[in-house]
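**Student:**
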Amino acid sequence: MLVHTSHQVDKIDYLANKIENYLLTFKDRIKSDASLKSKFSQQLEIVRANSKNKLFESHFDLDLGKYTVPENISYTQIYSIIDKIALVSYHSKEKDPGLKHFNHKLNYPNLERDPNEARIFIVVGGNRISRGFTLEGLTTSYFVRESGTQDTLYQMGRWFGFRIGYEDTIMICLPKDQIAWYRDILNLELELRDDLAQMNEREMTPSMWEIKMVNSKSFESLNKKLKLCDENKLRNTKKKKLSFGGTNQMTKHFKRDNKVQEANFNLARKFVDELAKRNEFIENSFLHQGSPNINFSNIPVSDIL
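Take any residue in the sequence shown, count from 1 to its spot, add 4: that is its number in my numbering.
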C-alpha cells in the first residue's frame, strides 16, 4: 500500500506515526473482539465477487480460473496477515532525532530462499518516492496531492500500480476533483496517441505535423486552472482555439438582415426551452462563481442535427 498526502517530512512523519499507532491498537483489538472476524469475512466476500467479474477477465486479459479465493478465513490466517504488515516512512530525513516514526528501511525479503518471510508493506512517503520509485506488489494507493501542471500529475499517475494476479483487489483512494484531473490526463494522452498514429500512417515526420495538446477536458480542470507544464517548456508552442471537430474555422461574415437574425434567435431560444422541459439540467461548478454557463444531458442527436 502507498500513502501520499504531502511532500513535507514533518507531515509524512506525523501520518506514519498515526497509522503505526492504529495498527498496534488494531492488533490488540482483534485478539479480544471476535466480531471483527465477520467483518473480515464480509470483505473477503467482496473480493470473491470481484474475482468472478468478467470485466476483470476481459480488461486485464486474465484466466480467472487460475485464481481462487478461499471460502472463509480463520483467526490464525488473520493473525498471520497482520503480523506481516510493516509500516515504512520513506523520506530524506531519516536521521532526524525529532521524528516520531523511525522505520525507514524498505527491504524486500528473498522469497525464493524463504517464502515465509513475505511482508506486507505500507509506505508513507513524499518527494523521495516521486522519481524512479516502484513499490512491488502495489494494490492500494491512498493519494492526495495537488499540482498546478498536468505533466507533474502524469508522473504521479504511475503510482496507481497493481500486482499480477491481484487485479481484482485494486483500490485507489482519491478526492473527487483529482479523479477528474487524472481522467483528463488519460483522455489527453489518448488523443495525442491518435495524432501520432495518423502521422505515422501518412509517413510524416514531427516537423511536418502540428501536435495538438488540449489544455483541459473538464470543468474541474478548468476551475483548477491546470497548465500543461511550466511556461518555459511551452516557448516553442502556439495557442489556438479549435472547434470540437478539431478545426479552427470560424464564421467571419454575418447577414445584417434583422428578420434573419430574429428568426435565428427565436429558434435558439425555442431549442433551449425545449431542452429545459425534456432533459436533465446539470449544474456545474462555474455557476457558483457567477458564470451563466449551463449544461444539459441525455439530448438525442436528432434534436441537435
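All C-beta atoms in this analysis are idealised placements derived from N, C-alpha and C, irrespective of residue type, glycine included.
Please read these numbers as outputs of a predicted model, since none were measured by experiment.
Between the stretch 48-57 and the stretch 90-102, do three or more beta carbon pairs fall short of 8 Å?
**Tutor:** Not touching, per the Cβ criterion.
**Student:** Among V92, D234, I126, which one has its Cα closest to the Cα of T156?
**Tutor:** Your numbering for residue 156 matches position 152 in the sequence shown. Ranking V92, D234, I126 by Cα distance to T156 puts D234 first.
**Student:** Can you have a look at Q154 and say buried or exposed, based on whether 16 or more other CB atoms are within 10 angstroms of its CB?
**Tutor:** The residue labelled residue 154 in the question sits at position 150 within the sequence shown. With 16 or more Cβ atoms within 10 Å of its Cβ, Q154 is classed as buried.
**Student:** Taking DSSP as the reference, what is the three-state secondary structure of L91?
**Tutor:** The sequence position of residue 91 within the sequence shown is 87, counting from 1. L91 falls in the strand class under three-state DSSP.
**Student:** With a threshold of 16 other CB atoms inside 10 Å of the CB of E171, please say whether the residue is buried or exposed.
**Tutor:** Locating residue 171 in the sequence shown gives position 167, counting from the first residue. So E171 ends up on the buried side.
**Student:** Do you know offhand how far V7's Cα is from L139's?
**Tutor:** Stepping through the sequence shown from its first residue, residue 7 is reached at position 3. Stepping through the sequence shown from its first residue, residue 139 is reached at position 135. Using only the alpha carbons, I get a separation of about 11 Å.
**Student:** On a CA-only basis, which of E205, A38, M212 is nearest I82? Give me that one, please.
**Tutor:** What you label residue 82 is simply residue 78 of the sequence shown in a count that begins at 1. Comparing Cα-Cα distances from I82 to each of E205, A38, M212, the minimum goes to A38.
**Student:** Please return the same chain residues whose Cβ sits closer than 6 Å to the Cβ of L48, not counting the five positions on each side in sequence.
**Tutor:** Reading the sequence shown from its first residue, position 44 is the one you call residue 48. So the qualifying residues of the chain are I77.
**Student:** Need the endpoints of the alpha helix (DSSP H) that L271 sits in, please.
**Tutor:** Counting from 1 along the sequence shown, the entry for residue 271 is found at position 267. Unbroken alpha helix (DSSP H) run through L271: 262-282.
**Student:** May I ask whether a heavy atom of the ligand GDP can be found less than 6 Å away from the beta carbon of K97?
**Tutor:** Summarising the ligand content, the structure contains no ligands, and the ligand GDP is consequently not present.
**Student:** Take the Cβ of D198 as the centre, count every other Cβ of all protein chains shown within 10 Å, and call the residue buried at 16 or more, exposed below.
**Tutor:** Numbered from its first residue, the sequence shown carries residue 198 at position 194. With fewer than 16 other Cβ atoms within 10 Å, it is exposed.
**Student:** Mapping DSSP to helix, strand and coil, what is L196?
**Tutor:** Here residue 196 is taken as the residue at index 192 of the sequence shown, counted from 1. Here L196 sits in helix by DSSP.
**Student:** What's the C-alpha gap between K263 and S306?
**Tutor:** Looking up residue 263 in the sequence shown gives position 259. Looking up residue 306 in the sequence shown gives position 302. So the alpha carbons of these two residues sit roughly 26 Å apart.
**Student:** Using alpha carbons as the reference points, say which of N21, R117, I89 lies closest to K104.
**Tutor:** Taking the first residue of the sequence shown as position 1, residue 104 is located at position 100. It is N21 whose Cα lies nearest to the Cα of K104.
**Student:** So for F106, helix, strand or coil by DSSP?
**Tutor:** The residue you call residue 106 lines up with position 102 of the sequence shown. In the structure shown, F106 sits in coil (DSSP, three-state: anything other than H, G, I, E or B).
**Student:** For a quick check, are the C-beta atoms of I86 and K31 less than 7 Å apart?
**Tutor:** Residue numbering aside, residue 86 sits at position 82 when the sequence shown is read from its first letter. Residue numbering aside, residue 31 sits at position 27 when the sequence shown is read from its first letter. The answer is yes: Cβ separation under 7 Å.
**Student:** What does a CB cutoff of less than 6 Å around Y18 pick up in its chain, not counting 5 residues either side in sequence?
**Tutor:** For the purposes of this step, residue 18 is identified with residue 14 of the sequence shown, where counting begins at 1. Here the set comprises nothing.
**Student:** Please state if the CB of M5 and the CB of T173 are separated by a distance shorter than 7 Å.
**Tutor:** Working through the sequence shown from its first residue, we reach residue 173 at position 169. Working through the sequence shown from its first residue, we reach residue 5 at position 1. No.
**Student:** When we look at the beta-carbon of F125 and count the other beta-carbons within 10 Å, is it buried (16 or more) or exposed?
**Tutor:** As a position in the sequence shown, residue 125 is number 121, starting the count at 1. So F125 ends up on the buried side.
**Student:** If you follow the alpha helix (DSSP H) that F258 is part of, which residue opens it and which one closes it?
**Tutor:** The sequence position of residue 258 within the sequence shown is 254, counting from 1. Neither: F258 is in no alpha helix (DSSP H) and is coded neither H nor E.
**Student:** In angstroms with no decimal places, state the Cα-to-Cα distance between K243 and L190.
**Tutor:** The residue given as residue 243 occupies position 239 in the sequence shown. The residue given as residue 190 occupies position 186 in the sequence shown. If you take the alpha carbons of K243 and L190, they lie about 21 Å apart.
**Student:** Which of the three DSSP states, helix, strand or coil, is assigned to S10?
**Tutor:** In the sequence shown, the residue the question calls residue 10 occupies position 6. DSSP places S10 in coil when its eight states are reduced to three.
**Student:** Applying the 10 Å Cβ sphere with the 16-neighbour rule, what's the burial state of P188?
**Tutor:** For the purposes of this step, residue 188 is identified with residue 184 of the sequence shown, where counting begins at 1. Note that residue 188 corresponds to Asp in the displayed sequence, not to Pro. Its Cβ being crowded by 16 or more others within 10 Å, D188 is buried.
**Student:** Identify whether M217 lies in helix, strand or coil by the three-state DSSP scheme.
**Tutor:** As a first step, residue 217 must be located in the sequence shown, where it is residue number 213. It is coil, neither helix nor strand.
**Student:** Would you kindly report the start and end of the unbroken alpha helix (DSSP H) that includes F147?
**Tutor:** The residue you call residue 147 lines up with position 143 of the sequence shown. Unbroken run through F147 is the beta strand (DSSP E), 144-147; no alpha helix (DSSP H).
**Student:** Roughly how far, in whole angstroms, is the beta-carbon of I16 from the beta-carbon of V128, given that I think they are within contact range, below 8 Å?
**Tutor:** Numbered from 1 along the sequence shown, position 12 holds the residue referred to as residue 16. Numbered from 1 along the sequence shown, position 124 holds the residue referred to as residue 128. Indeed they touch by this definition, with Cβ atoms about 6 Å apart.
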